[in-house]
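In this note's numbering, the protein residues as written are 2 to 183. Following: one structure in structure tokens, then a few remarks.
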Amino acid sequence: MWRVAVAVVAGLFLLAPAAAQVAQEAVDAEKEEFTAIFEDRMAERLGELREEGVSLERIGELWVDHLDAGTDGEGASAREVFTFSGGKDGQYLVMALCDYDCSDIDLHLYGNGQGVDAKEEPLESDTEEDAEPLLLPGLLGEPLEDDDYEVEIRMYSCEEVYCYFAVGIYRLQEDQEEDQED
2 MWRVAVAVVA GLFLLAPAAA QVAQEAVDAE KEEFTAIFED RMAERLGELR EEGVSLERIG
62 ELWVDHLDAG TDGEGASARE VFTFSGGKDG QYLVMALCDY DCSDIDLHLY GNGQGVDAKE
122 EPLESDTEED AEPLLLPGLL GEPLEDDDYE VEIRMYSCEE VYCYFAVGIY RLQEDQEEDQ
182 ED
């Protein structure tokens, strides 16, 4: 009897890595699918801006991840923080999108040594109840300084166990900056 128990336990240990790999492959496939969806949705939004005469270039990769449902004690289901380096006199657009299971995601921008954990007021926030927040640091006010900035994402409404989101950071293209200075 104990040999059967040992064989069952050994079998479980052998199957666990295979099951974990299958689960990871499913998550990777889902993330790839959402990345393509978010790329299309962001291209659509950028096209709308281009029609209004604003030309932007993306800095780095599109961040695509998921947040687990739950609560952070402040009413948000979950939160994530990303860092980017702003160039001197930079004019940026920070855009986030949430998947179709999410109806409210907020963005907060911290910088100049503040940081999310410093409990300082953000430089800029979009806290409207929507799934497509935008921040326009340096476009509407003072240009960002050459510094590291943190973008905090807070998700408030996710109908599933976890929801995917994407964040893109875009810089106003050089010719646009010169036009705005004139």
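Glycine included, every Cβ here is placed at the ideal spot set by N, Cα and C. In this text, all values refer to a predicted model and were calculated from it rather than measured experimentally.
Check your understanding: According to the neighbour-count rule (16 or more other Cβ atoms, all chains shown, within 10 Å of its Cβ), is G48 buried or exposed?
Key -> Here residue 48 is taken as the residue at index 47 of the sequence shown, counted from 1. It counts as exposed.
Point to revise | Bridge-paired residues (DSSP) for F166 | key: Looking up residue 166 in the sequence shown gives position 165. Answer is D66, C99.
**Study point:** I106, DSSP secondary structure in three states
**Key:** Position 105 of the sequence shown, counted from the start, is the residue given in the question as residue 106. Residue state, collapsed to three classes: strand.
Point to revise | Under 8 angstroms between C-beta atoms of Y150 and L110 | key: If you number the sequence shown from 1, residue 150 lands on position 149. If you number the sequence shown from 1, residue 110 lands on position 109. Yes, Cβ-Cβ distance for Y150 and L110 is below 8 angstroms.
Review point. What is the residue span of the beta strand (DSSP E) that L124 lies within?
Key: The count along the sequence shown starts at 1 and reaches residue 124 at position 123. Note, L124: premise wrong, no beta strand (DSSP E); not H, not E.
Point to revise | Residues sharing a beta bridge with E161, DSSP | key: By 1-based counting over the sequence shown, the position of residue 161 is 160. In DSSP, E161 forms no bridge with anything.
Review point. How is E53 classed by DSSP in three states: helix, strand or coil?
Key: On the sequence shown, position 52 is the one that residue 53 refers to. Coil.
**Study point:** Chain-order list of residues whose beta-carbon lies under 7 angstroms from that of L50 (same chain, five-residue window excluded)
**Key:** Reading the sequence shown from its first residue, position 49 is the one you call residue 50. These residues qualify, in order along the chain: L57.
Point to revise | Range covered by the beta strand (DSSP E) that runs through G139 | key: Within the sequence shown, the letter at position 138 stands for residue 139. Run containing G139: none; DSSP gives neither H nor E here.
Check your understanding: Considering only residues of the same chain and omitting the five flanking positions on each side of Y171, which have a CB-CB separation below 8 angstroms?
Key -> Here residue 171 corresponds to residue number 170 of the sequence shown, with the count starting at 1. Excluding positions up to five away in sequence, the list reads L47, L57, E58, R59, I60, Y93, L94, V95, M96.
Practice item. Could you check if Y163 is buried or exposed, using at least 16 other CB atoms within 10 Å of its CB as the buried criterion? Key: Position 162 of the sequence shown, counted from the first residue, corresponds to residue 163. Per the 10 Å Cβ criterion, buried.
Point to revise | Nearest neighbour of L108, chosen from T36, P123, G88 [CA to CA] | key: As a working note, residue 108 is residue 107 in the sequence shown. Closest option to L108, Cα to Cα, is P123.
Practice item. Find out if the Cβ-Cβ distance for the pair E161, D102 is shorter than 8 angstroms. Key: Within the sequence shown, numbered from 1, the residue matching residue 161 stands at position 160. Within the sequence shown, numbered from 1, the residue matching residue 102 stands at position 101. The answer is yes: Cβ separation under 8 angstroms.
Exercise for review: Measure the C-alpha to C-alpha separation of L135 and D127 and round it to an integer number of angstroms.
Suggested key: Counted from its first residue, the sequence shown places residue 135 at position 134. Counted from its first residue, the sequence shown places residue 127 at position 126. Whole-angstrom Cα-Cα distance: 6 angstroms.
Exercise for review: Could you say which of C99, E129, L137, E31 lies nearest to V168 if we only look at CA atoms?
Suggested key: Position 167 of the sequence shown, counting from 1, holds the residue named residue 168. Considering only alpha carbons, the answer is C99.
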